[in-house]
Amino acid sequence: MAYVVTEPCINCKYTNCATVCPVDAFREGPNFLTIDPLECIDCDACVAECPVEAIYPDDEVPMEWEHYIELNERLAEKWSSYVINEHKEDRPDADEWAEVEEKFELLEEDWD
1 MAYVVTEPCI
11 NCKYTNCATV
21 CPVDAFREGP
31 NFLTIDPLEC
41 IDCDACVAEC
51 PVEAIYPDDE
61 VPMEWEHYIE
71 LNERLAEKWS
81 SYVINEHKED
91 RPDADEWAEV
101 EEKFELLEED
111 WD
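Have a look at this one:
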């Protein structure tokens, strides 16, 4: 089992979770983080660090976000060279985006 980053992370991209990951399983995209399921050791350290409660065990992802299981796997592979294991300054509007729902269409997969 691996952990999965879901929709609340989009446009927030807090990095608290990545700093506590003991195996560097987090990958960074333009406006979203993902967890590489092949690297994740199911330690649960990241869950409590996520201020928007976006991280779930893959067998507990809410039904409306189940597509994020496959998305995390695909994006982790696509962003494999973008390992993130250090805290980065929060996006200036992260707190505002934390309150927004239904953000899937805003997910950016490609770095410019």
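No gaps in the numbering here: position 24 of the sequence shown is 24 in UniProt numbering, and each next residue is one more. All C-beta atoms in this analysis are idealised placements derived from N, C-alpha and C, irrespective of residue type, glycine included.
- Nearest residue (CA-CA) to Ala2, options Arg27, Asp44, Asn16: One-based indexing of the sequence shown puts residue 2 at position 2. Selected option, being the one with the closest Cα: Asp44.
- Kindly indicate the opening and closing residues of the alpha helix (DSSP H) around Arg74. Here residue 74 refers to the residue found at position 74 of the sequence shown. Where Arg74 is concerned, the enclosing alpha helix (DSSP H) stretches over 67-78.
- Query: Hey, Val61 and Ile69: beta-carbon distance below 7 Å or not?
  - Reply: Translated into positions along the sequence shown, residue 61 becomes position 61. Translated into positions along the sequence shown, residue 69 becomes position 69. Against a cut-off of 7 Å, the Cβ pair of Ile69 and Val61 comes out as a contact.
- Along the alpha helix (DSSP H) that carries Glu96, what are the first and last residues, could you check? As a first step, residue 96 must be located in the sequence shown, where it is residue number 96. Segment 94-97, the alpha helix (DSSP H) holding Glu96.
- Query: When DSSP labels each residue in this structure, what does Thr6 get in the three-state scheme?
  - Reply: What you label residue 6 is simply residue 6 of the sequence shown in a count that begins at 1. It is coil, neither helix nor strand.
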